[in-house]
Amino acid sequence: DTGVSQDPRHKITKRGQNVTFRCDPISEHNRLYWYRQTLGQGPEFLTYFQNEAQLEKSRLLSDRFSAERPKGSFSTLEIQRTEQGDSAMYLCASSKTSGSSEQFFGPGTRLTVL
Amino acid sequence: QKEVEQDPGPLSVPEGAIVSLNCTYSNSAFQYFMWYRQYSRKGPELLMYTYSSGNKEDGRFTAQVDKSSKYISLFIRDSQPSDSATYLCAMELDFGNEKLTFGTGTRLTIIP
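Chains F and X supply the protein sequences, listed in that same order.
The working numbering applies: residue 1471 is where the first sequence begins, and numbers increase by one.
The working numbering applies: residue 74 is where the second sequence begins, and numbers increase by one.
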């Protein structure tokens, strides 16, 4: 399978705990994006990387959120001191730098904060 | 007011019907327009991708963009039960500004 992969697919945690998600983009894609999707809503942009550089962060990405892409390949999204409002599907997408912006999404990590 | 508005539905139609899904938007700077299909508890899958105004056809799917009206549509002909999913419109400002702005999604059910 050469698509975008995410791990874990599901995460249940207690309020106040830290969680980390991983995304592996399509191998030739140098752009990587994180989105958050709550029930009944479309995905909302969180942040994006070109190679290892984090180029934009949404105001949705509070200080408790941090994302990294250390070698320009996979990326991690960490949420510290989780809150119930963090419960959502966290989606990763990737694209090429080639004049189009077709973003291909992974299956998502569903986070439930109890 | 959201930048992108989409009727959340739900929308139920009989198999074989023509389906029309629509989005309106407020930011005239949007240049790229996409339609994604999302099955329950899965990630969105890109269906159609268009630049600026005009029509684009791919099999049973046709995407239309009318920038003067800030209105985009997706038509599905000869709808099948496998088309049952949530359809999301998405837009991008311009090349180099990469984040997508999504509508809320329309939940579509095709009744056999």
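Ideal placement from N, C-alpha and C gives every residue a C-beta, glycine not left out.
Nearest residue (CA-CA) to residue i, options the options
i, options, result
"X:Leu173", "F:Arg1485, F:Leu1584, F:Thr1517, F:His1499", "F:Thr1517"
"X:Glu118", "X:Glu171, X:Gln79, X:Asp156", "X:Asp156"
"X:Asp139", "X:Leu120, X:Glu165, X:Thr159, X:Cys96", "X:Cys96"
"F:Leu1584", "F:Lys1481, F:Gly1512, F:Ile1496", "F:Lys1481"
"X:Val77", "X:Lys129, X:Val92, X:Tyr144", "X:Tyr144"
"X:Ala163", "F:Thr1483, F:Gly1486, F:Arg1479, F:Pro1513", "F:Pro1513"
Any non-hydrogen atom of the ligand COA within 7 Å of residue i CB
i, result
"F:Ser1565", "Among the ligands in the structure shown, none appear at all, so the ligand COA cannot be discussed."
Residues that residue i contacts on chain X, provided the C-beta gap is smaller than 8 Å
i, result
"F:Leu1561", "Gly116, Pro117"
"F:Phe1515", "Lys172, Leu173, Thr174"
Contacts that residue i makes with chain X (C-beta to C-beta distance below 9 Å)
i, result
"F:Arg1501", "Glu171"
Rounded straight-line distance, which links the Cα of residue j to that of residue i
i, j, result
"F:Val1474", "X:Glu88", "32 Å"
"X:Pro83", "X:Thr179", "6 Å"
"X:Met121", "F:Thr1483", "36 Å"
"X:Arg110", "X:Thr177", "12 Å"
"F:Arg1539", "X:Leu161", "28 Å"
"F:Gly1555", "F:Tyr1505", "15 Å"
Under 7 Å from the C-beta of residue i: neighbouring residues of chain X
i, result
"F:Gln1511", "Thr177"
Under 8 Å from the C-beta of residue i: neighbouring residues of chain F
i, result
"X:Leu161", "Gly1512, Pro1513"
Contact set between the segment 1524-1550 of chain F and chain X, restricted to residues whose Cβ is under 9 Å from the partner: So the close ones are Leu1525, Glu1526, Ser1528.
Closer than 9 Å, Cβ to Cβ, to anything on chain X: give me those residues from the segment 1571-1582 of chain F, in chain order. Result list: Ser1571, Glu1572, Gln1573, Phe1574, Phe1575, Gly1576, Pro1577, Gly1578, Arg1580.
Can you give, in chain order, each stretch of the beta strand (DSSP E) that sits fully within the segment 1532-1576 of chain F and has at least 3 residues? Runs of the beta strand (DSSP E) inside the segment 1532-1576 of chain F: 1535-1538, 1545-1549, 1558-1565.
Contact list for the segment 124-150 of chain X against chain F, Cβ threshold 9 Å: Hits within the stretch, in order: Tyr124.
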